[in-house]
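Worksheet: the structure to be examined is printed underneath.
Chains as they are written, first to last, in our numbering: chain G, 28 to 209; chain U, 28 to 209.
The structure is reproduced here in structure tokens:
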């Protein structure tokens, strides 16, 4: 599923619900290193940058070893990330800085960020940052709005969020849900 | 593409030609660590064993880092390998111990082996071994027939070959080619 609004300026971020078997529906797949949200920012910085598949079989040759990987359908924002892409696995959607009424609070969320775009440029953009327990009471990786980061003088993030992936829904939930940001 | 003859005793090994976009055609994909054929056997032994995807997003959690990975469609022999599977990338099909007239000699070949089955049991089975330049003049990983290994007293291999993958063909070559072994 492609969202034409994404590429332009990184402001609108598509939220997609993965379908069962959807790794299927594209002729391209993307393979990204995965970081756990509860880890410190160092893990995000250390994850390999070169993750593009090449050759006849699309073999991924990262510049270093990594133990956690995820295969995603070739959604446009992800397929374009041949360098610097990283996926962060969050235990639930409360980490997202917008009301997500429709979300099951317990559903896992995968946030894909582009580490090649660390600068906090767009007020309406979303950025992956390491938060030291502000309000949430929990240390760890977070997604924050550009405007919020600018207010507290943060100019650099760990990366610009390019995609949020929700898990496959139950049974015949074949509708792709694009949630607006608020 | 599933080959019913495979699972039984490891003797018949399916050879499949990957289609462009085929990582697509199954609801399951398999992610395997890749070794290069020119490396010594130690690389095959060191590649991570735990490669099963889990959770909502099928995140692979290997027990150690690894830099080369391949995503394959969930072909039956591969999908069953949650532990011990490894893919070896060969530069051409001459490494295979059977006449492959139909193959382009320059086409790359991916051999998937199960490291959980090292013992050379079946005469007609195929095994991944490290060859020290016998005849071929080249050191490196090879695929050998069980009978041939038994003749020279080799009882243990690096793993039983479960699948040989040929690269996608040109354009509209949509026919799946199952080559017989000789």
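We put the CB at the ideal spot given by N, CA and C, even for glycine.
Give me the chain G residues within the contact set of residue i, using Cβ-Cβ distance strictly less than 7 Å, ordered along the chain.
i, result
"residue 95(U)", "86, 87, 88"
Answer yes or no: the CB of residue i versus the heavy atoms of the ligand ATP, is any distance below 8 Å?
i, result
"residue 124(G)", "In the structure on display, the ligand ATP does not appear, and there are no ligands present to speak of."
Name the chain U residues whose beta carbon is nearer than 7 Å to that of residue i?
i, result
"residue 98(G)", "56, 58, 85, 98"
"residue 82(G)", "135"
Taking the alpha-carbon positions, what's the residue i to residue j distance?
i, j, result
"residue 169(G)", "residue 175(G)", "12 Å"
"residue 53(U)", "residue 177(G)", "Confidence at residue 53(U) is low in this model, with a pLDDT of 49, below 50, so its placement is unreliable and the value that follows should be read with caution. Rounded to whole angstroms, residue 53(U) to residue 177(G) spans 45 Å at the Cα level."
"residue 173(G)", "residue 82(U)", "30 Å"
"residue 105(G)", "residue 65(G)", "23 Å"
"residue 93(G)", "residue 72(U)", "17 Å"
"residue 109(G)", "residue 190(G)", "15 Å"
"residue 158(U)", "residue 171(U)", "9 Å"
"residue 78(G)", "residue 85(G)", "10 Å"
"residue 26(U)", "residue 133(U)", "Past the edges of chain U, shown from 28 to 209, lies residue 26(U), and the structure says nothing about it."
"residue 125(U)", "residue 155(G)", "53 Å"
"residue 103(U)", "residue 180(G)", "53 Å"
"residue 182(G)", "residue 151(G)", "14 Å"
"residue 10(U)", "residue 89(U)", "The requested residue 10(U) is not part of the displayed model; chain U covers only 28 to 209."
"residue 149(U)", "residue 145(G)", "56 Å"
"residue 63(U)", "residue 63(G)", "29 Å"
"residue 76(U)", "residue 76(G)", "23 Å"
Opposite residue i in the DSSP bridges: which residues?
i, result
"residue 84(G)", "Looking at the DSSP assignment, residue 84(G) forms no beta bridge with any residue, so it has no partner."
"residue 62(G)", "115(G)"
"residue 96(G)", "60(G), 87(U)"
"residue 77(U)", "110(U)"
If the cut is a Cβ gap below 9 Å, which residues of chain G does residue i touch?
i, result
"residue 91(U)", "92, 94"
"residue 106(U)", "Result: empty, since nearest Cβ-Cβ is about 13 Å, beyond 9 Å."
"residue 61(U)", "84, 86, 87, 88"
"residue 140(U)", "None at all; the shortest Cβ gap to chain G is about 15 Å."
"residue 74(U)", "In chain order: nothing, as chain G lies at least about 10 Å away."
Which residue wins for smallest C-alpha separation from residue i, given the options the options?
i, options, result
"residue 95(U)", "57(G), 91(G), 105(G)", "91(G)"
"residue 187(U)", "180(U), 158(U), 147(U)", "147(U)"
"residue 74(U)", "61(U), 80(U), 84(U), 67(U)", "61(U)"
"residue 118(U)", "179(U), 167(U), 171(U), 182(U)", "167(U)"
"residue 67(G)", "98(G), 116(G), 134(G)", "116(G)"
"residue 107(U)", "122(U), 86(U), 56(U)", "56(U)"
"residue 70(U)", "182(U), 142(U), 180(U)", "142(U)"
"residue 98(G)", "113(U), 87(U), 157(U), 102(U)", "87(U)"
"residue 192(G)", "76(G), 182(G), 101(G)", "101(G)"
"residue 111(G)", "125(G), 140(G), 183(G)", "140(G)"
"residue 80(U)", "185(G), 58(G), 79(G), 76(G)", "58(G)"
"residue 185(G)", "136(G), 120(G), 153(G), 122(G)", "153(G)"
"residue 114(U)", "136(U), 121(U), 120(U)", "136(U)"
"residue 194(G)", "76(G), 149(G), 138(G)", "138(G)"
Which residues of chain G have a Cβ atom closer than 8 Å to the Cβ of residue i, listed in chain order?
i, result
"residue 123(U)", "What residue 123(U) touches in chain G: nothing, since even the nearest Cβ is about 16 Å away."
"residue 192(U)", "84"
"residue 120(U)", "Correct list: empty, because the minimum Cβ distance to chain G is about 12 Å."
Starting from residue i, find everything on chain U with Cβ-Cβ shorter than 9 Å and list it in chain order.
i, result
"residue 167(G)", "Chain U residues near residue 167(G): none, gap ~17 Å exceeds 9 Å."
What residues from chain U crowd round residue i, counting only those whose CB sits closer than 8 Å?
i, result
"residue 64(G)", "Result: empty, since nearest Cβ-Cβ is about 12 Å, beyond 8 Å."
May I have a chain-ordered list of the beta strand (DSSP E) segments no shorter than 3 residues that lie completely inside the region 124 to 195 of chain U? Here the runs fully enclosed are 136 to 141, 153 to 159, 166 to 172, 186 to 193.
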